[in-house]
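Take a look at the structure set out below.
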Amino acid sequence: MKYVVVLGDGMADRPIAELGDQTPLSYADTPEMDQLAAVSEIGMVHTIPEGMKPGSDTANLSVLGYNPRIYYSGRSPLEALSIGVDMKDTDIALRCNLVTLSEEEENYEERTIIDHSSGEISTADAAVLLDAVREGLENETYKFYVGTSYRHLLIWDKGEVVELTQPHDVLGQTIGQYLPEDAVLREMMRKSYDILVNHPINVERKKNGLNPANSCWFWGAGTKPALSSFEEKTQLKGAMISAVDLLKGIAVGASMKVVEVEGANGGLNTNYEGKAQAAIDVLTKEGYDFAYIHVEAPDEMGHQGSVERKVKAIEYLDSRIIKPVKEGLEAAGEDFRMLVLPDHPTPICMRTHSSDSVPYLLYDSTKPQQHDWKYNEAEGEASGNYVACGHEIIDYLFGRKTC
274 MKYVVVLGDG MADRPIAELG DQTPLSYADT PEMDQLAAVS EIGMVHTIPE GMKPGSDTAN
334 LSVLGYNPRI YYSGRSPLEA LSIGVDMKDT DIALRCNLVT LSEEEENYEE RTIIDHSSGE
394 ISTADAAVLL DAVREGLENE TYKFYVGTSY RHLLIWDKGE VVELTQPHDV LGQTIGQYLP
454 EDAVLREMMR KSYDILVNHP INVERKKNGL NPANSCWFWG AGTKPALSSF EEKTQLKGAM
514 ISAVDLLKGI AVGASMKVVE VEGANGGLNT NYEGKAQAAI DVLTKEGYDF AYIHVEAPDE
574 MGHQGSVERK VKAIEYLDSR IIKPVKEGLE AAGEDFRMLV LPDHPTPICM RTHSSDSVPY
634 LLYDSTKPQQ HDWKYNEAEG EASGNYVACG HEIIDYLFGR KTC
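Numbers 274 to 676, taken from this note's numbering, label the letters of the sequence shown in order.
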């Protein structure tokens, strides 16, 4: 038996008036998910432990079977694992977003945060900008590391875990009240704006109508993580397929295989076909038992507040991930179980994450069921199936627990 998780990051939502009071998931044209739902178990799962922030870090740890209350030590340390940073026990890792701030105001504190992703800037352009930041700000205590797109890393030697605001939580707001209380971090953010605002790359981006990456934004502080081996926990060999450093870092920490897919970028125009084929290959040709396919696009479109693009991201996941993976495993003669779900909602109305439960779909190729379900939030609720502890959902996938 092979096992697959297809995770649409932030895919769940709330009813939207312009969609006739449907959610993007219920409105989207998703024949594959709906056909699977009709022969599968569907339900709701609560992936965010009570009292914890609704992040992709805690939620994906849950889905992989790691109780965040035990294993979570911060988001950025997981990303550090992904990019090969060997953290010391005394190090603090912080996410360093390249963000877009308004430029009309005289004082840094009066600026508005426009875009947490700088228009999904390319990694190549971001690396050049981070080099400029490194040259102006780096020292023995603070070291910058390039990640992917707008997502980068700051390592603070002998630092402390401080409360920092996630930039995607305060889009459209004046930044003054959300800046770090730590004076050094706050000053580094202010100086990063001075370094980046007139950088040639940003001058060119503005000329082309693109959001400039004109400031660093620090958040997600944490200490060196200590995850147990996924294979030792489950007796299954697992592989991670994701464009996002966070997910790759979780996989590294869990001693899973990290599959690199050319053209996978965490955006709407990622290499869906390459990710689907990578999953088929690790399961049918490389002897792996479990593949975790993470698709970031629905979450990014939720943060952007784009209804149309979020619907499109969900449709792409359906037609360009789920369909080919299902058909590929069937063609290889493999029995398989597939779990489809979001990690958390990213409601368009909020443009950030919520802690609401999310719908899941659990398909077993050897035991098709007969229902009239479709896959969406309302039908998941109506099913009556509910997994209260998100870190247990993987045991349902593996057939070790049932509703």
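Glycine is no exception: its CB is placed at the ideal position from the N, C-alpha and C atoms. These numbers come from a predicted model, not from an experiment.
Just confirm the distance between the C-beta atoms of residue i and residue j, as a whole number of angstroms; I'd bet it's less than 8 Å.
{"i": "Y561", "j": "G511", "result": "7 Å"}
{"i": "T331", "j": "Y345", "result": "6 Å"}
{"i": "G338", "j": "Y633", "result": "About 14 Å separates the two Cβ atoms, so there is no contact after all."}
{"i": "V470", "j": "N487", "result": "5 Å"}
{"i": "L426", "j": "A366", "result": "6 Å"}
{"i": "D286", "j": "T296", "result": "4 Å"}
{"i": "D572", "j": "D359", "result": "No, D572 and D359 are not in contact; Cβ-Cβ is about 29 Å, not under 8 Å."}
{"i": "L520", "j": "K275", "result": "Between K275 and L520 the Cβ distance is about 20 Å, and since that is not below 8 Å, they are no contact."}
Are residue i and residue j close, meaning C-beta to C-beta below 8 Å?
{"i": "H319", "j": "H441", "result": "no"}
{"i": "N268", "j": "D616", "result": "No answer is possible for residue 268: it lies beyond the span of the chain, which begins at 274 and ends at 676."}
{"i": "H567", "j": "S515", "result": "yes"}
{"i": "T385", "j": "I289", "result": "no"}
{"i": "P350", "j": "K497", "result": "yes"}
{"i": "Y659", "j": "S313", "result": "no"}
{"i": "L556", "j": "R610", "result": "no"}
{"i": "S638", "j": "D608", "result": "yes"}
{"i": "V598", "j": "I553", "result": "yes"}
{"i": "V401", "j": "F417", "result": "no"}
{"i": "S391", "j": "T373", "result": "yes"}
{"i": "R368", "j": "R424", "result": "yes"}
{"i": "S422", "j": "E393", "result": "yes"}
With a threshold of 16 other CB atoms inside 10 Å of the CB of residue i, please say whether the residue is buried or exposed.
{"i": "T507", "result": "buried"}
{"i": "I343", "result": "exposed"}
{"i": "E379", "result": "exposed"}
{"i": "R673", "result": "exposed"}
{"i": "T675", "result": "exposed"}
{"i": "K583", "result": "buried"}
{"i": "S502", "result": "exposed"}
{"i": "G445", "result": "exposed"}
{"i": "G641", "result": "Checking the displayed sequence, the identity of residue 641 turns out to be Pro instead of Gly. Burial call: exposed."}
{"i": "A570", "result": "buried"}
{"i": "P485", "result": "buried"}
Using only alpha-carbon positions, find the residue among the options that is nearest to residue i.
{"i": "E454", "options": "E382, Y415, D467, S501", "result": "E382"}
{"i": "K530", "options": "V517, E546, F563", "result": "F563"}
{"i": "L410", "options": "V443, R463, E376", "result": "R463"}
{"i": "K222", "options": "L309, D645, A285", "result": "Outside the modelled stretch of the chain, which goes from 274 to 676, sits residue 222, for which no answer is possible."}
{"i": "N544", "options": "R593, L519, V406", "result": "R593"}
{"i": "C489", "options": "D359, I468, G432, L590", "result": "I468"}
{"i": "A353", "options": "G420, M325, G293, E323", "result": "G420"}
{"i": "L458", "options": "L483, I428, K480", "result": "I428"}
{"i": "A604", "options": "S627, Q550, S656", "result": "Q550"}
{"i": "G328", "options": "T303, T438, S355", "result": "T438"}
{"i": "V580", "options": "L298, V277, V278, N412", "result": "L298"}
Kindly examine the ligand COA and report whether one of its heavy atoms sits closer than 7 Å to the Cβ of residue i.
{"i": "T619", "result": "The model depicted lacks the ligand COA and carries no ligand whatsoever."}
Should residue i be flagged as near chain D, meaning a C-beta pair shorter than 8 Å?
{"i": "F609", "result": "Looking at the structure shown, chain D is missing, and only one protein chain is on hand."}
>> If we require 4 or more residues per run, which alpha helix (DSSP H) segments fall completely within the segment 484-561?
In response: 503-507, 518-526, 545-557
request  = Please list the segments of the alpha helix (DSSP H) lying wholly inside the segment 562-597, counting only runs of 4 or more residues, in order along the chain.
outcome  = 570-577, 580-590
- Message: Ignoring anything shorter than 4 residues, give me the alpha helix (DSSP H) runs that lie fully in the segment 370-430, in order along the chain.
- Response: 396-410
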